[in-house]
Structure formats: C-alpha cells, structure tokens
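The structure under discussion appears below in the form of structure tokens.
In my numbering, the protein residues as written are 725 to 1033.
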C-alpha cells in the first residue's frame, strides 16, 4: 500500500514538472496558437461552479487571517480559538446578508469573553468591594486619572450606574457574585471595571451609555434566532429601529465588538493594581432603593393621619 501511495505521489510530481516544462516552452514559442489551444482546454474544463468554489476558498482564507489578527493581542488564551472560529462564522453570515445569524455569532463572542472574565476571582473581589464606591472619579486637566481620587461627596455609587433596575433591588444584586448576575449586568460590569478600569469621569457618561446601549441592541438582535417569542413593547421598538437599517448595523455592531475586545486587551492587565486599591478601602453599606407602591391622594396629605408601608 505504501508503495502505491509513493507511486501516486511520484506521478503527481511528474505531472507538475511536465506541465511546468510545457508552460515554459509555450512562453518562448513564437507560435501563439499552441498557447491559445492550452488555454481553451483549461477553460472548457473549469465550470462557473468551480470558479466560485475557488473564489470562496480564497475568501475563507482571508477571513481566517483577519480573525487571527483581530484576536492576536487578546489576553485570554484559553478561549482565543473559540473566538476566532465564531468571528469566521460571523463574517461568513455578513457576506451572505444573514443578519440574524450574524448577530448571534457576534454575541457569542461577547458572551464567551464576558462569562470567562466573570469567573475571574480577582475581578469578583474588586467588584464586590467597590459596589458602594462613588461611580465617578475626580478629574483635573493635565492630571492622570487615578482610581483613588473618587468624588467623595457623590451619593451616586457604582451599583446604581452599572446594575440594571429590575425585580431585584441593587442591594440584592450586590450580594451575588458577578458570575451569577444577569447577562446584561455582566456585560456592563466588564465595560465599567475592565473597560474603564473603575475610573469613569462624569463626562464619560454619554460614551458609556452609547456603548452599553449598542451591546444591548446586539443582545436583542441575537434573540431573533428564538422562534415563537413574544417581544415586549420595549424590545419591539429596538428591533423596529434596527431592522430597516441592517446594512448600517452590520458595521456599527462590528465597531462595538472591536471596542469591547480593546477594553479587555487594555484593561485586563490592570486588574492586579485595582485589587491592591480595594485592599485599602472599607466598603460602605448600600442603601436600599425606595420603591413607590402607590401615590397618596393629595387631598389626604393634610388630614393628620400617618400612612407608612
């Protein structure tokens, strides 16, 4: 069997050598009819389907190279190959104008990065100790941002900025590890603590909202793959805004992914310094948010009775 394989390999090599020799001779031959005849033989035996296959193979190689370059500096090596494969799938869906699967493959990259980071014990300790810290740091022109210089008089803490209001109060959410938070809360944790490295300035707020809103849009579009779902009015408004402009959102979402990856590349290496800072602070108790159960009839406010619930 080995002899047969070796013979086949030798035959292929001989064919290549003969073809190469023939082409070289035709190049130097003044009679172009031979060259034209060879070209006609090749063209007759190559169908459009074969040309399309060759073209697609070339494109796939280019996308594979782009994916590898995109994640070349990414610090979480254990998931890098998965991210590259999802990137290749994402770009293939974009070329086919398959928006739903494009969004799913894109979100799966964000989900993989986020879930992996949220298993990091160092990050979990940083977050748990900083929930009650002021959301913003002091900033002066020409002075490098410093995590220790927080707006001390501000009552607007990190938990209120990062965690999304839901059935659970901020107090209840802060008691959970970051691994057990809701998906969108996890993503916002990564943006604030890894992306901004816990050093947001109050004028960063608009960029923060723009980034987290775009990530939320990706999350909602990824749900398009779920069949038979009834969207809430709020979710439907998001989809009604995006779907007529899919061509625009292909590139907007790619920009969001690139920014998210860059957040992690630049911020991950700062986690040790952030942990050292948290060792010097004493977390304050987080005050529970007041919840309005029912408004009192204004006509009853001056009747002298106490109403506490």
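All C-beta atoms, glycine included, are put in the ideal place defined by N, C-alpha and C.
Assigned secondary structure, residue i (DSSP; H/G/I helix, E/B strand, else coil)
i: residue 861; result: strand
i: residue 925; result: coil
i: residue 874; result: strand
i: residue 881; result: strand
i: residue 800; result: coil
i: residue 889; result: coil
i: residue 855; result: coil
i: residue 821; result: coil
i: residue 838; result: helix
i: residue 991; result: helix
i: residue 901; result: coil
i: residue 1004; result: coil
i: residue 968; result: helix
i: residue 955; result: coil
i: residue 894; result: helix
i: residue 806; result: helix
Sequence-distant residues of the same chain with beta carbon closer than 8 angstroms to residue i, five excluded per side
i: residue 836; result: 803, 806, 807 and 810
i: residue 869; result: 861, 863, 923 and 925
i: residue 996; result: 846
i: residue 953; result: 947
i: residue 812; result: 784, 787, 788 and 791
Nearest residue (CA-CA) to residue i, options the options
i: residue 871; options: 787, 921, 747 and 931; result: 921
i: residue 789; options: 815, 800 and 799; result: 815
i: residue 849; options: 812, 1001 and 981; result: 1001
i: residue 884; options: 988, 858 and 940; result: 858
i: residue 936; options: 1008, 749, 973 and 888; result: 888
i: residue 916; options: 854, 942, 968 and 795; result: 854
i: residue 959; options: 973, 989 and 942; result: 942
i: residue 1003; options: 738, 739, 851 and 984; result: 851
Sequence-distant residues of the same chain with beta carbon closer than 6 angstroms to residue i, five excluded per side
i: residue 783; result: none
i: residue 1019; result: With a pLDDT of 45 at residue 1019, under the threshold of 50, the modelled position of this residue cannot be trusted; read the value that follows with caution. Excluding positions up to five away in sequence, the list is empty.
i: residue 910; result: 838 and 842
i: residue 832; result: 810
i: residue 821; result: none
i: residue 856; result: 881, 1007, 1008 and 1010
i: residue 878; result: 858
i: residue 823; result: 970
i: residue 928; result: none
i: residue 800; result: 840
Cβ shell of residue i (< 7 angstroms), same chain only, five flanking positions each side left out
i: residue 919; result: 987 and 991
i: residue 976; result: 938
i: residue 797; result: 989
i: residue 973; result: 966
* Is it a yes or a no for the stretch 820 to 833 touching the stretch 933 to 950, going by three-plus beta-carbon pairs under 8 angstroms? -> In short, these stretches touch, since the Cβ pair count reaches three.
* **Touching by the beta-carbon criterion (3+ pairs, under 8 angstroms), the stretch 898 to 913 and the stretch 838 to 856** => A contact exists between the stretch 898 to 913 and the stretch 838 to 856.
* Asked: Do three or more CB pairs link the stretch 889 to 900 to the stretch 954 to 966 at distances below 8 angstroms?
  -> no
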